[in-house]
Every structure is written in C-alpha cells, then in structure tokens.
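Trainee: So that we are looking at the same thing, I have put the structure below in structure tokens.
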Amino acid sequence: MIVQIYAATSVADALKMVDLGVDQVGFVAGEYGEVHAELTFAAAREIVEALRGKAMSSALTMRTDIDEIRRMIEVVQPDIVHISSNTDAVGVEAMCELKELIPNGISLMKAIHIDGAQSIVTALAFAEVSDILLLDTKIKGFPGVGATGVTHDWNISREIVRQVEGRSKVILAGGLTPENVGEAIRIAQPWGVDSNTGTNIVGDPVIKDMALVEAFVQQAKQTVKAE
C-alpha cells in the first residue's frame, strides 16, 4: 500500500516522513495565496532534491494555465505533478496537452471530486490522460479539490478503482486519519492512500504531527486488501 502525505514545508519534514515510511511526499509548489503551506519553487525544488532515491516527490499546483504548470515542472522537477484544480478548470483535453509537453518519467495525477455516480464517469474520462487519480472531496468555500478533512462515499471510490484498473492507479484521499484508513482501504481497495489534514497538529492547517504520520503509515501498511 502506497502512502502519500501532504504537505511538507521543509526538507527536514520531508525526510522525517521518509524515515516514518512515507512513499510519496507531497508539497504545494508556488506561492499564489490560495491554499495553506505554499512554497516557492526554489523551496519545493530543495525538497525534490532531498528526496531523490528515497521517496517520490509530488508537487501540487492550483494553476489552470498549461504554460504556468509547465514552468513549475521545469523549475521544480518533481516525480509527480498533482493537478488539484477543479475538473472543469483543467479538463481532459488540457491534461492530454500537458501529458504531451512534460518530460518522460514525470507522472500526472488528477484530483477527482467524489460525489455521486457522475464521479465515476468523470474519473473514467480522466483515467485516459492521468497516470494516477486522486479521489478526494470538495466542499463549498475551498479552492480546487481536496484538503477539506472530509470523507466521501468509499463505495463509489471502489467502483472507480474497479473500472480504471489497468489504465490508471488510484490514491484514496479525503478526511483519512489513522483511525479510519484501515476501513477505507478495505472498502475502496486503492493502490495508495493520502493524508493531509488528518495528520496535522490538531487545529493547525500546516504543521504535521509526526506521531500521527507514523500511526497513519502503520495502519495503512498493515491493512490487507481483500482478494
């Protein structure tokens, strides 16, 4: 089970996550005043370099302009580019264009808002142009998709996992904590799981609680997916 944790804000935090067993370390690349834990491209690049050979780096962007996203990729050079904007802001056609422009070896991950059966249709469309689908939650008042601390219907996520098998890997996100990640894995059967707010210090939107990170990793890794 792959474990992805957001959001690293320093090299020290990123390396600590690796020590605790995190497979993919996420961070927000770009200071745009939109979400918590934003980093300059230079700071994001430092994390990427520190993670080389240790874990995968995942750069989250809220940008919707393809040229801006490409510029971030050129400077930061992450292993994974996490497109967290709404699905209508960076659509399938834009994702296809981006996939053709980025260097080989860099994976594209698209956040998909899970809310009813229509989410399955959306996920299937984006599976054709995404290496990874991040199944997350969107609520009114939050920019993009994710970082809400709210769960969604894992049975819908399970159906997406089943239907995109062989085309796109799936990471389950949205309100996951050490307490519920095991059940989430058993129901949704994802390739990986993600935590952001569920492993922060309580009441703090940025600072990670490394004890919670460790507990999350342990729970995720020890949960056996159903055959």
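Using my numbering, you'd call the opening residue of the sequence shown number 11 and step up by one each time. Ideal placement from N, C-alpha and C gives every residue a C-beta, glycine not left out. Just so it is clear, the structure is predicted and the values come from calculations on it, not from any experiment.
1) Which residues in the same chain have their Cβ closer than 6 Å to the Cβ of I217, if we skip the five residues on either side of it in sequence?
2) With distance defined between alpha-carbon atoms, name the residue in K231, A60, D33, Y42 nearest to A22.
3) Which residues in the same chain as S117 place their Cβ atom closer than 8 Å to its Cβ, once the five residues preceding and following it in sequence are excluded?
4) Identify which residue in S20, G208, S178, E224 has its Cα closest to the Cα of A121.
5) Give the straight-line distance between the Cα atoms of M27 and T161, rounded to the nearest whole angstrom.
6) Under a three-way DSSP split, which group does G40 fall into?
7) Over what stretch of residues does the alpha helix (DSSP H) that includes K179 continue unbroken?
8) Based on DSSP bridge pairs, tell me the residues matched to N210.
9) Is any beta-carbon of chain D found at less than 9 Å from that of I170?
10) So what does DSSP say about P153, is it helix, strand or coil?
Mentor: In short, the structure shows the following:
1) I211
2) A60
3) D89, I90, V91, D141, I142
4) S178
5) 23 Å
6) coil
7) Here K179 belongs to no alpha helix (DSSP H); instead the beta strand (DSSP E) covers 179-182.
8) K218
9) Absence of chain D from the displayed structure is noted, only one protein chain being present.
10) Low local confidence applies: a pLDDT of 49 at P153 is under 50, so the model's placement there is unreliable, with the coordinate-based value given in what follows. Residue state, collapsed to three classes: coil.
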